[in-house]
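Colleague: Would you mind keeping the following structure in view while I ask a few things?
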Amino acid sequence: MRAAFAVVVCWLALAVGAPLTGFAWTLNGDDPAMKGWNTKVLRVSLATGECPPGLDMRSLVLAAMDLWSHVDGAEIRLELAGDASSKTTAKGARAGEAQDSPVVVCDTDFKTTTSLDVNSIPGVTGISVDRDSRRVAYAYTILNTQRDAMADIATLDLTRVLIVITHELGHILGLGHSTDPRAIMYPDVTTLSRATLSDDDVAGLRHLYPPGGTDDGGGCGTIADVNRRESRGRGDRRPPSAPSRESLSSLANFLALLALCALALRYFRRATKNV
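Numbering (numbering that gives the first Met the number 0), first residue to last: 0 to 274.
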């Protein structure tokens with residue numbers, strides 16, 4: 000009886016302690032060997048000319064940058080490029096003409112510029128990947144500020160706007176959409192109640208910006224040709240990658256728990272024989 004009880008306890012412990020090593024993040028592009036930006040400090044420009052006057056866009060973008068800039072195990076930091084507003088327009092950014100890429104731009108003519116549904120899409124990000132280095136080389140985010148549009152960020156609460164901006168910055172960094180509804184990179188931002196990075200977001204960023212320099216890494220996209228893509232709701236499959244430190248640690252704990260269960264079963268079997 001005690002042996003049977005030990006078996007049940009072990010199975011429960013293993014079920015709880017089993018390593019959950021699967022991730023749902025994707026890269027923002029078709030190339031599974033795509034990499035992040037070739038820098039450790041990414042300076043992002045902000046064009047506020049068509050942003051809602053009631054929104055402190057600078058503070059919101061800085062807050063979103065801060066989330067991506069403090070991920071242990073990811074060697075990337077985001078900074079705002081200068082104090083003045085960028086002169087880049089949404090149409091210019093989308094045409095590949097931005098001289099201060101990556102850039103975040105508000106657009107009061109979002110429908111014409113992007114041809115997207117202004118009532119359901121608050122933002123869109125496009126990136127270009129260099130063919131030779133396979134690194135992100137150009138990126139822009141266009142935020143929906145079209146009046147009377149249901150997805151105009153001016154109609155959203157501040158938390159939701161911050162979630163949208165954080166999500167789009169993830170695309171700029173090279174991440175595609177995640178299938179994990181807890182991730183900031185999940186395509187439906189209404190599933191989140193606060194702007195925070197999930198373990199899945201962190202794992203994706205670590206893949207793109209591993210420690211040890213800018214020679215390694217890998218990254219996914221959003222709409223355009225082979226070298227330029229624009230993200231607004233789809234993602235590509237995540238390429239194979241080496242196990243993370245968290246995965247290895249979780250596996251080690253699992254094996255240790257398995258060994259303890261084996262010892263416990265052996266003890267109860269001996270105890271049963273002696274009764």
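Note that beta-carbon positions come from the ideal geometry of N, C-alpha and C, so glycine has one too.
Taking 7 Å as the limit between beta carbons, can you name the residues of its chain near Asp99, skipping five residues before and five after?
Modeller: Ser44, Ala80, Ser85 and Thr87
Colleague: Could you spell out where the alpha helix (DSSP H) holding Val201 opens and where it closes?
Modeller: Asp198 to Leu207
Colleague: Assign Gly53 to one of two classes, buried (16 or more other C-beta atoms within 10 Å of its C-beta) or exposed (fewer than that).
Modeller: With fewer than 16 other Cβ atoms within 10 Å, it is exposed.
Colleague: From the DSSP output, read off the bridge partner residues of Thr140.
Modeller: Val103 and Thr124
Colleague: Are there 16 or more other CB atoms within 10 angstroms of the CB of Asp151, so buried, or fewer, so exposed?
Modeller: buried
Colleague: Suppose you measure from the CA of Asp71 to the CA of Ala148; what does that come to, to the nearest Å?
Modeller: 38 Å
Colleague: Measuring CB to CB, does Ile164 end up less than 9 Å from Val60?
Modeller: A contact, by the Cβ cut-off of 9 Å.
Colleague: With distances taken Cα to Cα, identify the nearest neighbour of Met56 among Gly211, Asp29, Ala97 and Leu161.
Modeller: Leu161
Colleague: For Glu245, does the three-state DSSP call read helix, strand or coil?
Modeller: A caution first: Glu245 carries a pLDDT of 41, below 50, which makes its placement in the model too unreliable to give a value.
Colleague: Please list, in chain order, all residues of the same chain as Phe22 whose beta carbon is under 6 Å from its beta carbon, the five residues on each side excluded.
Modeller: Contacts found: Asp199 and Ala202.
Colleague: Once the 5 residues before and after Ala182 are set aside, which same chain residues still bring their CB inside 6 Å of it?
Modeller: Ser197, Asp199 and Asp200
Colleague: So Ala73 and Leu204 are supposed to be a Cβ contact under 8 Å. How far apart are they, rounded?
Modeller: 4 Å
Colleague: How many Å lie between Gly216 and Pro209 at the Cα?
Modeller: Residue confidence for Gly216 is low, a pLDDT of 41 falling below 50, so the modelled location carries little weight and cannot support an answer.
Colleague: Taking the Cβ atom as the reference point for each residue, do Gly122 and Leu26 lie within a distance shorter than 9 Å?
Modeller: For Gly122 and Leu26, no; Cβs fall outside 9 Å.
Colleague: May I ask you to report which of helix, strand or coil DSSP gives Ser44?
Modeller: strand
Colleague: Is Asn37 near Arg134, with beta carbons less than 9 Å apart?
Modeller: yes
Colleague: Starting from Leu168, follow the beta strand (DSSP E) in both directions and report where the run begins and ends.
Modeller: Looking at the DSSP string, Leu168 is not in any beta strand (DSSP E); the run it does join, the alpha helix (DSSP H), is Leu157 to Leu172.
Colleague: Please classify His69: is it buried, with 16 or more other beta-carbons within 10 angstroms of its beta-carbon, or exposed?
Modeller: exposed
Colleague: Go to Leu79, then tell me how far its beta strand (DSSP E) extends in each direction, as first and last residue.
Modeller: Arg76 to Leu79
Colleague: Which of the three DSSP states, helix, strand or coil, is assigned to Arg134?
Modeller: The answer is strand: DSSP assigns Arg134 an E or B state.
Colleague: Quick one: residues in its chain with C-beta nearer than 6 Å to the C-beta of Arg42, no 5 flanking neighbours on either side, listed in chain order?
Modeller: Glu78 and Ala80
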